[in-house]
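Here the structure comes first, spelled out in structure tokens, and everything after it is commentary.
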Amino acid sequence: MLEAEALWGSDIRTKADELRQCSRELQVAMEAVVEDKVHRGENFKTDREFGKAMRGTAHASRGDENNPLNRKIKAAVNAIEDTVRPHLRRG
Numbered sequence: 154m155l156e157a158e159a160l161w162g163s164d165i166r167t168k169a170d171e172l173r174q175c176s177r178e179l180q181v182a183m184e185a186v187v188e189d190k191v192h193r194g195e196n197f198k199t200d201r202e203f204g205k206a207m208r209g210t211a212h213a214s215r216g217d218e219n220n221p222l223n224r225k226i227k228a229a230v231n232a233i234e235d236t237v238r239p240h241l242r243r244g
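Start counting the sequence shown at 154; every next residue gets the next number (the numbering used here).
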């Protein structure tokens, strides 16, 4: 990331941070689902909507366009591509 920032400016860091946040959101959801399984489903009993959201995030297929995290990832990747594309040469 430091090299990209040196080459293309600080704007790329902001865009990469958005993608990194998506990664963190997925990690948290996966940890929550695993912890719920470890405790035999007790963790999500008190807040079923939270459990549904965590499972939806952790288990969404890559092609699920309705999944909020998938939309965030796609937007973050597109923003990075739009920033970097003008700096790349076609060979």
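Glycine is no exception: its CB is placed at the ideal position from the N, C-alpha and C atoms. In this text the structure is predicted, and so the values were computed from the model without any measurement.
From TRP279 to ASP189, what distance separates their C-alpha atoms?
What is shown of the chain runs 154 to 244, which leaves residue 279 out entirely.
Comparing C-alpha positions only, which one of CYS175, MET183 and VAL191 sits nearest to HIS212?
MET183
Counted within 10 angstroms of its Cβ, other Cβ atoms place LYS168 as buried (16 or more) or exposed:
buried
7 Å Cβ shell around ASN220 - same chain, five flanking residues per side excluded:
GLY209 and ALA213
Should ALA185 be labelled buried (16 or more other beta-carbon atoms within 10 Å of its own) or exposed?
Looking at its Cβ environment, which holds 16 or more other Cβ atoms inside 10 Å, ALA185 is buried.
Buried or exposed for MET207, going by 16 or more other Cβ atoms inside 10 Å?
By the neighbour-count rule (16 or more Cβ atoms within 10 Å), MET207 is buried.
Taking 7 Å as the limit between beta carbons, can you name the residues of its chain near ARG166, skipping five residues before and five after?
MET154 and GLU158
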